[in-house]
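Note that the protein sequences, when read in sequence, are chains A and B.
Residues 3 to 212 (my numbering) make up the first sequence, in order.
Residues 269 to 579 (my numbering) make up the second sequence, in order.
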Amino acid sequence: MDPNLIANALSLTLFFVALFISLRAFYLYIQVRSRRLFILGLSMGVISLTAVAGFLGDNVTSISLNVDWFNYIGQTISFLFILLSLFGSSEEYLRGLMRWQVVVSVLLLCLFLLAPVLPAEFPYPAVTKSILSGSRGLICLAIFVSYFSAYMTKETRFSLLMSIAFLLLSIGYLMIIPKYSIANLDLVDQFGDLTRICGLFTLSLAVLTG
Amino acid sequence: MNRYDISGHPSQVDPSRRQLVLMTHLLKAAATMSHIDELFMWQGRVLIQYFDVQTVQFWGLQAGITGNLSSLLRATIWRDTSIPQHIFANNQVAITAERVLSGQPGYMLQRASNLFSFHQAELLARYGIHYCLCNFLRSSSLLPPAQSASHQEMTTPLAVAALLFLKRPLPPDELSTILVFLERSIAVAERCGLLLPTGTTSGRLPALPVKDHLQWVQLHFSKFIPHRLENANALRTSNPFAATDIISDKQARRLFTAIDGRKNIEEICASSGMNLKEAFVALQFLLNQHRVELKEPDGQPVDGSLFFDSP
Numbered sequence: 003m004d005p006n007l008i009a010n011a012l013s014l015t016l017f018f019v020a021l022f023i024s025l026r027a028f029y030l031y032i033q034v035r036s037r038r039l040f041i042l043g044l045s046m047g048v049i050s051l052t053a054v055a056g057f058l059g060d061n062v063t064s065i066s067l068n069v070d071w072f073n074y075i076g077q078t079i080s081f082l083f084i085l086l087s088l089f090g091s092s093e094e095y096l097r098g099l100m101r102w103q104v105v106v107s108v109l110l111l112c113l114f115l116l117a118p119v120l121p122a123e124f125p126y127p128a129v130t131k132s133i134l135s136g137s138r139g140l141i142c143l144a145i146f147v148s149y150f151s152a153y154m155t156k157e158t159r160f161s162l163l164m165s166i167a168f169l170l171l172s173i174g175y176l177m178i179i180p181k182y183s184i185a186n187l188d189l190v191d192q193f194g195d196l197t198r199i200c201g202l203f204t205l206s207l208a209v210l211t212g
Numbered sequence: 269m270n271r272y273d274i275s276g277h278p279s280q281v282d283p284s285r286r287q288l289v290l291m292t293h294l295l296k297a298a299a300t301m302s303h304i305d306e307l308f309m310w311q312g313r314v315l316i317q318y319f320d321v322q323t324v325q326f327w328g329l330q331a332g333i334t335g336n337l338s339s340l341l342r343a344t345i346w347r348d349t350s351i352p353q354h355i356f357a358n359n360q361v362a363i364t365a366e367r368v369l370s371g372q373p374g375y376m377l378q379r380a381s382n383l384f385s386f387h388q389a390e391l392l393a394r395y396g397i398h399y400c401l402c403n404f405l406r407s408s409s410l411l412p413p414a415q416s417a418s419h420q421e422m423t424t425p426l427a428v429a430a431l432l433f434l435k436r437p438l439p440p441d442e443l444s445t446i447l448v449f450l451e452r453s454i455a456v457a458e459r460c461g462l463l464l465p466t467g468t469t470s471g472r473l474p475a476l477p478v479k480d481h482l483q484w485v486q487l488h489f490s491k492f493i494p495h496r497l498e499n500a501n502a503l504r505t506s507n508p509f510a511a512t513d514i515i516s517d518k519q520a521r522r523l524f525t526a527i528d529g530r531k532n533i534e535e536i537c538a539s540s541g542m543n544l545k546e547a548f549v550a551l552q553f554l555l556n557q558h559r560v561e562l563k564e565p566d567g568q569p570v571d572g573s574l575f576f577d578s579p
């Protein structure tokens, strides 16, 4: 079995789900002009790009592509903006958030384009990767709490599915933290990837049928 | 005999009881009146009758349908009918009244030469009038338009200046009696319904006849500041990708895009290239869909139902 099979499946799933949500969010933003939709669209767009980067990093061996910087930081920041957009309703807050996200996204894009020249490894990789991966997990956990509390207030299918989706994503990210400091934890890694794949399927279900 | 006449010569009334007598008569008279201008006329007659006042004028601040404010002579009463009225009914006096109305509530008793131009003071002096008492009264109650008003005038928060033209300065006790009398007349007028209570809107908007509501809003809405209504909880409980959330009207969408919570309608129109009529219709659409709320420049919320024809 291809050792990258599950990782590739995760990358492809992440790419298609995130891209679909991003395009749909931008399309609706043009119609509705909701700043939250813009933030969601841009965040998901960056996440879909991290999926591309992850796929290229795992499968392209002819050139050195150090995409981990963009992957970890990009996903962490994108999920963070999604979380921040769920708090605060004032126009000034959302307008400021939008502006910051655009600026940060441009910087992230530079990080992606600089992948061939960035250092191959993070400084203190065990610690750094654990923190970055853990951050993704914690932010997804916070998003889960936000949607779950909304579900407790008003029980809708959408909020339930979103809660489940982000819970699975959170578990998937947190589960793989030990692999950065302990060797031979491929099984844990794959299980974490599968959990995230399930989370992404739930997310697409929420968006399509919620 | 006029039903408002006060019996008895002023000199026959004990000065110490004068205030009480005045208020008693005021309460009786006001109860039979149907318009605030009648009260002004009655007050003027009383002041001329009881005190050494030559002419009394009541000037009120009046708002027009276009939002402009001007001072309007509501009542004028004079003792000596042989004095030509143009001595008192002219631009100079109007300017002084406007100056009083734009100042702080209170009174001032001054020589005519200090209040009016040299020419006006000379005119007044020719007829022995050397002093003028100006008393500015203010209240949150609404002053109805004058009895002879056109449909261009509206109820306006009460701001009235009483100008009393005198031959000589008033003794302190008389001055105090007059000031108290004028001030308490406002409370009596409110109680008798001659002044209108503050409306059910923010209180900053003058009360209007129902048929003028929409017209007034159409004239003034350009100064309102629209704010988007975005509910964070709604985003978490309902699918933002549901098709029902789309703004179907193109102009409404254009207006919604331009709303930033700081610019008023006029500024939004200038930046987006819409005209006020288009903006008004678009605003009605957005208000109907509960996508926006309106606030006055000072932050007071505006009743959105004003934008629709009253039932």
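Don't be surprised by glycine CBs; every beta carbon is placed ideally from N, CA and C.
- If you draw a 10 Å sphere on the C-beta of B:Cys400, you find 16 or more other C-beta atoms in it, and that means buried.
- Taking all protein chains in view, the Cβ of B:Gln415 is surrounded by fewer than 16 other Cβ atoms within 10 Å, so the residue is classified as exposed.
- Approximately 15 Å separates the beta-carbon atoms of B:Asp348 and B:Arg436; this is outside 8 Å, ruling out the contact.
- Under the three-pair Cβ rule at 8 Å, the region 58 to 71 of chain A does not count as touching the region 508 to 528 of chain B.
- Counting C-beta pairs with one atom in each stretch, the region 68 to 79 of chain A and the region 109 to 124 of chain A have three or more that are closer than 8 Å, which means they touch.
- Taking a C-beta distance under 8 Å as the contact criterion, A:Ser172 and A:Cys200 do not qualify as a contact pair.
- A:Val209 reaches chain B at Asn507 and Phe509, counting residues in chain order whose Cβ is nearer than 8 Å.
- Under the Cβ distance rule, B:Asp517 does not count among the residues neighbouring chain A, no pair being separated by less than 8 Å.
- Contact between B:Val428 and B:Leu405 is confirmed by a C-beta separation of about 5 Å, below the 8 Å threshold.
- The criterion of a C-beta distance shorter than 8 Å is satisfied by B:Leu290 and B:Phe449.
- Counting along the chain, the unbroken beta strand (DSSP E) around B:Glu561 starts and ends at Val560 to Lys563.
- Excluding the 5 residues flanking it on each side, A:Ala53 has same chain C-beta neighbours closer than 7 Å at Ser13, Leu16, Phe17 and Ala20, in chain order.
- For the region 72 to 86 of chain A, the set of residues with a beta-carbon nearer than 7 Å to any beta-carbon of chain B is empty.
- Put simply, the CB of A:Phe18 is far from chain B, with every gap to its CB atoms at 8 Å or more.
- As the crow flies, the alpha-carbon of B:Leu369 is around 45 Å from that of A:Gly90.
- Per DSSP, B:Ala429 lies in no alpha helix (DSSP H) segment; the continuous beta strand (DSSP E) that holds it begins and ends at Thr424 to Leu434.
- Within the region 97 to 176 of chain A, no run of beta strand (DSSP E) at least 3 residues long lies entirely inside it.
- Contact between B:Arg522 and B:Met542 holds: their C-beta atoms lie close to 7 Å from each other, under 8 Å.
- Nearest neighbour of A:Gly139 by Cα position, chosen from A:Cys112, A:Phe160, A:Pro127 and A:Met177, turns out to be A:Met177.
- For B:Arg496, no alpha helix (DSSP H) encloses it; the enclosing beta strand (DSSP E) starts and ends at Ile493 to Arg496.
- In terms of Cα proximity to B:Leu391, the closest of B:Tyr375, B:Pro413 and B:Ala357 is B:Ala357.
- Burial check for A:Val34: the Cβ neighbour count within 10 Å reaches 16 or more, so the residue is buried.
- If you draw a 10 Å sphere on the C-beta of B:Asp441, you find fewer than 16 other C-beta atoms in it, and that means exposed.
- Close partners of B:Leu551 in chain A (Cβ separation under 8 Å) are lacking, with about 15 Å as the shortest Cβ gap.
- Among the residues of chain B, none has a CB under 9 Å from the CB of A:Gln103; the nearest is roughly 16 Å distant.
- The Cβ atoms of B:Ile355 and B:Tyr318 do not sit closer than 8 Å to each other.
- The beta carbon of A:Val147 sits no closer than 8 Å to any beta carbon of chain B.
- Interface annotation for the region 299 to 311 of chain B against chain A: empty, criterion Cβ-Cβ distance under 9 Å.
- With a cut-off of 8 Å on Cβ pairs, the region 184 to 194 of chain A is not in contact with the region 149 to 161 of chain A, counting fewer than three such pairs.
- The beta carbon of B:Arg286 sits closer than 6 Å to those of Thr445, all from its chain and outside the five residues before and after it, given in chain order.
- Our two residues, B:Asn501 and A:Ile133, have alpha carbons roughly 30 Å apart in a direct line.
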